[in-house]
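Q: Line by line, the protein sequences give chains A and B. Okay, so the first sequence: first residue is 3 according to the working numbering, each after it adds one. Okay, so the second sequence: first residue is 33 according to the working numbering, each after it adds one. All C-beta atoms in this analysis are idealised placements derived from N, C-alpha and C, irrespective of residue type, glycine included.
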Amino acid sequence: DSGVTQTPKHLITATGQRVTLRCSPRSGDLSVYWYQQSLDQGLQFLIQYYNGEERAKGNILERFSAQQFPDLHSELNLSSLELGDSALYFCASSVAGANNEQFFGPGTRLTVL
Amino acid sequence: KNEVEQSPQNLTAQEGEFITINCSYSVGISALHWLQQHPGGGIVSLFMLSSGKKKHGRLIATINIQEKHSSLHITASHPRDSAVYICAVKGYGGSQGNLIFGKGTKLSVKP
Chain A
3 DSGVTQTPKH
13 LITATGQRVT
23 LRCSPRSGDL
33 SVYWYQQSLD
43 QGLQFLIQYY
53 NGEERAKGNI
63 LERFSAQQFP
73 DLHSELNLSS
83 LELGDSALYF
93 CASSVAGANN
103 EQFFGPGTRL
113 TVL
Chain B
33 KNEVEQSPQN
43 LTAQEGEFIT
53 INCSYSVGIS
63 ALHWLQQHPG
73 GGIVSLFMLS
83 SGKKKHGRLI
93 ATINIQEKHS
103 SLHITASHPR
113 DSAVYICAVK
123 GYGGSQGNLI
133 FGKGTKLSVK
143 P
């Protein structure tokens with residue numbers, strides 16, 4: 003158990019819908035990262051937050067947004083969902099910046115029908 | 033060309049064999065990570081290294097910064113080592129400040 007929790011574990015929804023994925027980092031970790039893993043693209047970095055502020059942005063679509071709250075949990079919002087958004091979404095956390103070891107949550111499997 | 037290349041893509045070994053997985057990268061990096069992804073999907077961080085060699089149990093990771101190459105070795109492999117092993121590098125600054133992943137090496141260890 004990495005200490006990082008993600009909810010829900012599975013999510014099935016329809017095209018055009020909006021969903022919210024939630025992540026709670028390990029106790030004491032200030033950075034939260036979101037990653038997408040699809041069959042054809044592999045793992046891709048989406049976005050990083052550090053202590054409530056956006057720190058780095060990767061291949062995140064404009065339909066996707068994220069935030070980190072004062073209690074350090076984070077949410078990833080996916081809207082106007084398309085079939086191609088079906089993937090595993092992982093959250094990871096680290097003590098500080100990305101030079102530190104990252105601890106991964108169990109992932110949320112999103113299926114868009 | 034991908035910034036992070038792993039070889040082989042698939043590897044089948046007999047229990048007890050010594051295993052090597054390779055990772056080559058083309059960007060300047062500040063750190064390299066080796067991750068293990070279990071068949072159920074969970075990801076575990078095995079090593080983070082920026083120079084030299086690290087060892088944890090039967091796992092050894094090495095990195096050669098000049099050659100832009102890293103290897104992950106598993107000694108006395110066991111069926112429970114069956115998983116996908118992923119190399120990821122951390123570049124410098126901005127959006128390169130976070131991890132760039134290889135496509136993974138799928139390892140199957142037969143009893």
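Return the residue from the list A:His-75, A:Ser-76, A:Val-114 and A:Gly-60 that minimises the CA-CA distance to Leu-90 of chain A.
A: Along the first sequence, one-based indexing puts residue 90 of chain A at 88. Leu-90 of chain A has its Cα closest to that of A:Val-114, out of A:His-75, A:Ser-76, A:Val-114 and A:Gly-60.
Q: Taking a Cβ distance cut-off of 9 Å, strictly less, list which residues of the segment 18-40 of chain A are near chain B, in chain order.
A: So the close ones are Tyr-35, Tyr-37 and Gln-39.
Q: Within 10 angstroms of the Cβ of Leu-112 of chain A, are there 16 or more other Cβ atoms? Answer buried if so, exposed if not.
A: As a first step, residue 112 of chain A is located in the first sequence; it is residue number 110 there, counting from the start. So Leu-112 of chain A ends up on the buried side.
Q: Under DSSP, the beta strand (DSSP E) around Ser-48 of chain B begins and ends at which residues?
A: In the second sequence, residue 48 of chain B corresponds to position 16, counting from 1. For the sequence presented, residue 48 of chain B should be read as Gly rather than Ser. No beta strand (DSSP E) contains Gly-48 of chain B, which DSSP labels as neither H nor E.
Q: In the DSSP assignment, the beta strand (DSSP E) including Glu-56 of chain A goes from what residue to what residue?
A: Stepping through the first sequence from its first residue, residue 56 of chain A is reached at position 54. Counting along the chain, the beta strand (DSSP E) containing Glu-56 of chain A begins and ends at 55-59.
Q: So who's on the other strand from Arg-111 of chain A, going by DSSP bridges?
A: Along the first sequence, read from residue 1 onward, the residue named residue 111 of chain A stands at position 109. DSSP output for Arg-111 of chain A lists A:His-12 and A:Leu-90 as bridge partner(s).
Q: Whether or not the segment 130-143 of chain B and the segment 35-53 of chain B are in contact is what I'm after, with contact meaning three or more pairs of Cβ atoms, one per stretch, closer than 8 Å; do they touch?
A: A contact exists between the segment 35-53 of chain B and the segment 130-143 of chain B.
Q: Along chain B, in chain order, which residues have C-beta atoms closer than 8 Å to that of Gly-109 of chain A?
A: Taking the first sequence and counting its residues from 1, one reaches residue 109 of chain A at position 107. Per Cβ cutoff of 8 Å: Gly-73, Gly-74 and Ile-75.
Q: Within 7 Å (strictly less), CB to CB, does Glu-55 of chain A reach chain B?
A: Within the first sequence, numbered from 1, the residue matching residue 55 of chain A stands at position 53. Output row for Glu-55 of chain A: interface = no.
Q: Could you confirm whether any beta carbon from chain B is found closer than 7 Å to the beta carbon of Gly-44 of chain A?
A: As a first step, residue 44 of chain A must be located in the first sequence, where it is residue number 42. Judged by the 7 Å Cβ criterion, Gly-44 of chain A is in contact with chain B.
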